[in-house]
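Novice: Residues in the sequence shown are numbered consecutively from 57, following our numbering. Before we start, here is the structure in question, set down as structure tokens.
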Amino acid sequence: MSDRPLLVLASGSPRRVSLLTQVGITPDRLMPADVDETPGRRELPRTLARRLARTKAEVAANRMEPTPGGGPVLVLAADTVVSVGRRILPKAETFAEAEDCLALLSGRTHRVFTAVCLVTPRGVRERLVDTRVRFKRLSRAEMDAYLASGEWQGKAGGYAIQGRAGSFVVRLVGSYHAVVGLPLFEATSLLEGAGYPVHATWPAGVEV
57 MSDRPLLVLA
67 SGSPRRVSLL
77 TQVGITPDRL
87 MPADVDETPG
97 RRELPRTLAR
107 RLARTKAEVA
117 ANRMEPTPGG
127 GPVLVLAADT
137 VVSVGRRILP
147 KAETFAEAED
157 CLALLSGRTH
167 RVFTAVCLVT
177 PRGVRERLVD
187 TRVRFKRLSR
197 AEMDAYLASG
207 EWQGKAGGYA
217 IQGRAGSFVV
227 RLVGSYHAVV
237 GLPLFEATSL
247 LEGAGYPVHA
257 TWPAGVEV
């Protein structure tokens with residue numbers, strides 16, 4: 057559809073792009089928003105996720121130049137925060153951070169808050185998904201093997217559920233896609249509500 061809104065994803069995350077592609081959506085532009093992700097003093101995990109998603113969407117929207125013809129632009133952003141109680145786990149950048157995260161998550165249930173924010177010509181729309189994930193009790197050998205894989209780098213809570221850490225999950229209540237990085241139901245619902253043709257690339261129905 058030539059008159060559809062321009063879709064900008066305020067992220068350079070390959071996994072978020074892949075999730076959108078999974079449901080037939082290809083962002084027109086990727087515009088990663090570099091923002092300070094330091095939690096505020098006493099900031100709750102769910103509040104942090106919502107704040108970061110909104111900030112990323114607004115930063116990307118402010119950087120957008122007018123489109124040819126002045127067509128509508130939709131800017132989609134998301135952020136994921138992993139927590140144990142009120143404690144917010146980092147997006148692990150060092151071996152030590154990842155090791156601390158795994159030790160804390162071992163044998164426990166933690167929460168993953170993923171916020172989705174969509175900036176539209178009519179305003180800002182948001183959703184928050186709260187998912188509970190329980191890990192098995194990890195042996196030292198399992199932790200060492202996972203740390204050696206390097207999959208933890210840059211991941212909230214020091215793990216990627218779509219990779220080897222999927223074998224650690226005993227139970228998940230909520231949205232698997234949200235833990236990966238983008239809850240598809242919530243994201244597509246926001247896009248549809250803003251007039252984006254989510255199903256435009258799906259095969260047409262076959263008459264029987």
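Even for Gly, the Cβ is constructed at its ideal location relative to N, Cα and C.
May I ask you to report which of helix, strand or coil DSSP gives Ser245?
Specialist: Position 189 of the sequence shown, counted from the first residue, corresponds to residue 245. Residue state, collapsed to three classes: helix.
Novice: Applying the criterion that 16 or more other CB atoms from any shown protein chain within 10 Å of the CB defines a buried residue, is Val226 buried or exposed?
Specialist: Position 170 of the sequence shown, counting from 1, holds the residue named residue 226. Exposed is the call here.
Novice: Contact defined as beta carbons within less than 8 angstroms: I believe Leu174 pairs with Ala250. What is the distance between those atoms, to the nearest angstrom?
Specialist: The residue you call residue 174 lines up with position 118 of the sequence shown. The residue you call residue 250 lines up with position 194 of the sequence shown. Confirmed, Cβ separation roughly 6 angstroms.
Novice: Expressed to the nearest angstrom, what Euclidean distance is found between the alpha-carbon atoms of Ser195 and Cys157?
Specialist: Translated into positions along the sequence shown, residue 195 becomes position 139. Translated into positions along the sequence shown, residue 157 becomes position 101. Straight-line Cα distance between these residues: approximately 14 angstroms.
Novice: Any idea if Val180 is buried or exposed, counting beta-carbon neighbours within 10 angstroms, 16 or more meaning buried?
Specialist: For this step, residue 180 is matched to residue 124 along the sequence shown. Classification of Val180: exposed, given that the 10 Å Cβ count is below 16.
Novice: Select from Val189, Gly237 and Asp186 the residue whose C-alpha is nearest the C-alpha of Asp135.
Specialist: As a position in the sequence shown, residue 135 is number 79, starting the count at 1. When only C-alpha atoms are compared, the closest one is Gly237.
Novice: Got a sec, what are the start and stop residues for the alpha helix (DSSP H) Arg110 sits in?
Specialist: Residue mapping note: residue 110 aligns to position 54 of the sequence shown, counting from 1. First-last of the alpha helix (DSSP H) with Arg110: Pro101 to Arg119.
Novice: May I have the straight-line CA-CA distance separating Glu114 from Val64, to the nearest angstrom?
Specialist: Locating residue 114 in the sequence shown gives position 58, where the first residue counts as 1. Locating residue 64 in the sequence shown gives position 8, where the first residue counts as 1. For Glu114 and Val64, the gap between their C-alpha atoms comes out near 11 angstroms.
Novice: Specify, as a first and last residue, the run of the alpha helix (DSSP H) that Val236 falls within.
Specialist: Reading the sequence shown from its first residue, position 180 is the one you call residue 236. Unbroken alpha helix (DSSP H) run through Val236: Tyr232 to Val236.
Novice: Would you decide whether Val235 is buried or exposed? Buried here means 16 or more other CB atoms lie within 10 Å of its CB.
Specialist: Along the sequence shown, read from residue 1 onward, the residue named residue 235 stands at position 179. With 16 or more other Cβ atoms from the protein chains shown falling within 10 Å of its own Cβ, Val235 counts as buried.
Novice: At what residues does the alpha helix (DSSP H) containing Asp73 begin and finish?
Specialist: The count along the sequence shown starts at 1 and reaches residue 73 at position 17. Asp is not the amino acid found at residue 73; the sequence shown has Val there. Pro70 to Gln78 is the span of the alpha helix (DSSP H), which, as asked, contains Val73.
Novice: Shortest alpha-carbon distance to Tyr252 belongs to which of Gly222, Phe151 and Gly127?
Specialist: Numbered from 1 along the sequence shown, position 196 holds the residue referred to as residue 252. Nearest C-alpha to Tyr252: Gly127.
Novice: So, using beta-carbon positions, are Lys147 and Gly210 closer together than 8 angstroms?
Specialist: Taking the first residue of the sequence shown as position 1, residue 147 is located at position 91. Taking the first residue of the sequence shown as position 1, residue 210 is located at position 154. For Lys147 and Gly210, yes; Cβs fall inside 8 angstroms.
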